[in-house]
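**Student:** Basically the numbering used here = 1-based index in the sequence shown + 6.
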Amino acid sequence: MSNQPFQHGMTPHLTHDEIAREHAVRAMRFHLYGQVSKGTRAYFGNVVAPEFEKAQKRKLEDRAEVRKVMEGKTYTKFHLSLQRSVQEVMWNTVVENVERQLPELNQRAKDCERNLGSLKLDPTFEIPRYVANIDIHCMPGGYGNEGDLADSVAAGAIYDRGISMYQQAAEGELGLSVIRYLQQNFPTFKPAKILDMGCTVGMSTVRYAETFPDAEIHAIDVAAPCLRYGHARAESKGQAVHFSQQNAECTNFADNTFDLVVSTILAHETSTHAWHNIIKESYRVLKPGGVMVHADLPQFVDVDVYTQFLFGNETKFNNEPFWSTFRTIDLKKAMLDAGFADDKCFLDLAERHDPGGFRNTKVSTAARTHGGKTPPAFGWGVQVGLK
Ligand SMILES: C[S@@+](CC[C@H](N)C(=O)[O-])C[C@H]1O[C@@H](n2cnc3c(N)ncnc32)[C@H](O)[C@@H]1O
């Protein structure tokens with residue numbers, strides 16, 4: 007058990023067979039992204055695209071055209087059905103593990119309390135429908151499902167173990183990527199107050215707490231089971247984080263509160279309307295001189311047409327309704343509308359903290375918004391605003 011990834015005081019117990027099953031899922035995912043996915047890309051680049059170009063005397067123009075030529079192919083069907091199956095097996099694996107020990111996990115969350123940080127839940131809180139109404143990325147029950155037991159941490163535990171299989175890079179790698187981006191671009195910046203929006207179980211949040219030990223860290227999410235688990239998890243790691251159940255579209259923080267407002271892969275799980283609200287809210291709660299960084303996968307214009315097709319599969323086959331639409335939004339305009347000055351907000355690409363290079367997605371050199379910099383081999387798309 008000690009060599010299992012992502013260990014902390016809230017990690018569910020794993021039997022020998024459960025460890026073996028998690029290993030099997032990781033191995034399948036590694037094969038999927040290491041071999042099958044590369045094979046489909048090569049098939050597209052070496053066979054399908056040249057055949058199209060020869061017949062049509064032009065290149066494939068966009069993701070819709072790529073879908074048309076790829077979707078019916080046996081190799082693509084094999085790849086995409088395997089991807090869906092691995093996703094379902096991954097969630098089934100963790101759900102069974104969490105279900106059998108849920109009362110103990112709920113109790114452990116209470117026992118983890120060391121009063122370093124805090125947890126504020128709101129029993130009257132209404133979860134926005136873009137979260138409440140969907141089993142996002144096929145995760146049974148989504149983030150907010152309370153189940154039958156009081157004070158449940160189930161969704162948090164399921165997400166945490168799921169991510170340990172889904173993401174083979176470091177724990178909290180999203181937060182680490184944002185931290186590295188800040189260190190590279192704002193080397194003297196030392197935020198005293200930080201807000202992490204859409205923190206889920208605080209994987210990234212804890213990375214900010216470790217990196218900026220003198221800062222006061224707040225983390226918000228709409229999902230109580232994730233916040234309960236996240237709070238206990240942070241306490242067990244000896245980190246002081248103030249978790250509260252709030253909608254990032256309209257928080258209860260005063261104007262000009264934070265030096266740093268961040269989010270990691272929150273954006274694509276909201277909606278167009280909500281995302282504009284969240285950028286406005288980020289601007290409102292940011293102190294003059296503060297920095298906002300919202301990180302998600304890159305916009306469609308920043309990746310090649312084949313990657314656009316892959317991204318689109320998340321919406322089509324992985325219960326991610328907003329994944330594709332988000333990549334078409336005019337994010338610069340959203341920041342200008344929120345109040346950021348033209349010369350103080352921009353879109354950029356950030357290097358992924360992925361020492362193993364597990365899941366590299368090619369970023370097109372045609373990317374236009376990163377101020378003349380050479381795009382990194384893999385990028386998060388970041389929305390940066392300075393107030
Ligand atoms: C993909 S997860 C974020 C992962 C997390 N930031 C990390 O780095 O580990 C998206 C989270 O955003 C939350 N969320 C979605 N809409 C929100 C909103 N309007 N306000 C606050 N949280 C929201 C969801 O409940 C979910 O926990």
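Where a beta carbon is used, it is the ideal one built from N, C-alpha and C, also for glycine.
Considering only C-alpha positions, which residue in the set Ala30, Phe328, Leu355, Arg69 is nearest to Arg186?
**Tutor:** Out of Ala30, Phe328, Leu355, Arg69, Leu355 has the C-alpha closest to the C-alpha of Arg186.
**Student:** Would you call His300 buried or exposed, if buried means 16 or more other Cβ atoms sit within 10 Å of its Cβ?
**Tutor:** Under this definition His300 is a buried residue.
**Student:** Just to confirm the assignment, what range does the beta strand (DSSP E) spanning Ile223 have?
**Tutor:** Ile223 -> beta strand (DSSP E) spans 222-227.
**Student:** Excluding the 5 residues preceding and the 5 following Phe317 in the sequence, name in chain order all residues of the same chain whose CB lies nearer than 8 Å to its CB.
**Tutor:** Cβ within range, chain order: Arg69, Leu303, Phe306, Val309, Trp329, Ser330, Arg333.
**Student:** How do the segment 20-35 and the segment 255-271 stand: do at least 3 beta-carbon pairs fall below 8 Å, yes or no?
**Tutor:** Contact between the segment 20-35 and the segment 255-271 is absent, because fewer than three Cβ pairs lie under 8 Å.
**Student:** Relative to the C-alpha of Gln251, which residue among Phe131, Asn283, Phe264, Phe50 is closest?
**Tutor:** Nearest of Phe131, Asn283, Phe264, Phe50 to Gln251, Cα basis: Phe131.
**Student:** Say whether the segment 190-198 touches the segment 167-177, bearing in mind that this needs 3 or more beta-carbon pairs closer than 8 Å, one atom from each stretch.
**Tutor:** Too few Cβ pairs lie closer than 8 Å, so no.
**Student:** Which of the three DSSP states is assigned to Asp202 in this structure?
**Tutor:** Strand at Asp202.
**Student:** So, helix, strand or coil for Gly40, using DSSP?
**Tutor:** Gly40 falls in the helix class under three-state DSSP.
**Student:** Where does Gln251 fall in DSSP's three states?
**Tutor:** Of the three classes helix, strand and coil, the one that applies to Gln251 here is strand, per DSSP.
**Student:** Mind listing, in chain order, the continuous alpha helix (DSSP H) runs of no fewer than 4 residues lying wholly within the segment 66-134?
**Tutor:** With a minimum length of 4 residues, the continuous alpha helix (DSSP H) runs that stay inside the segment 66-134 are 69-76, 80-105, 108-117.
**Student:** Over the uninterrupted alpha helix (DSSP H) stretch that includes Leu180, give me the two end residues.
**Tutor:** Segment 179-191, the alpha helix (DSSP H) holding Leu180.
**Student:** Could you tell me the distance, in whole angstroms, from the CA atom of His237 to the CA atom of Lys65?
**Tutor:** Whole-angstrom Cα-Cα distance: 51 Å.
**Student:** Below 8 Å, is the gap between the Cβ of Ala163 and the nearest heavy atom of ligand 1?
**Tutor:** No - ligand 1 has no heavy atom lying nearer than 8 Å to the Cβ of Ala163.
**Student:** Kindly identify the DSSP beta-bridge partner or partners of Thr21.
**Tutor:** Looking at the DSSP assignment, Thr21 forms no beta bridge with any residue, so it has no partner.
**Student:** Below 7 Å CB to CB, which residues in the same chain sit around His359 once its five sequence neighbours on both sides are set aside?
**Tutor:** Contacts found: Ala175, Ala176, Glu179, Leu182, Ser183, Arg186.
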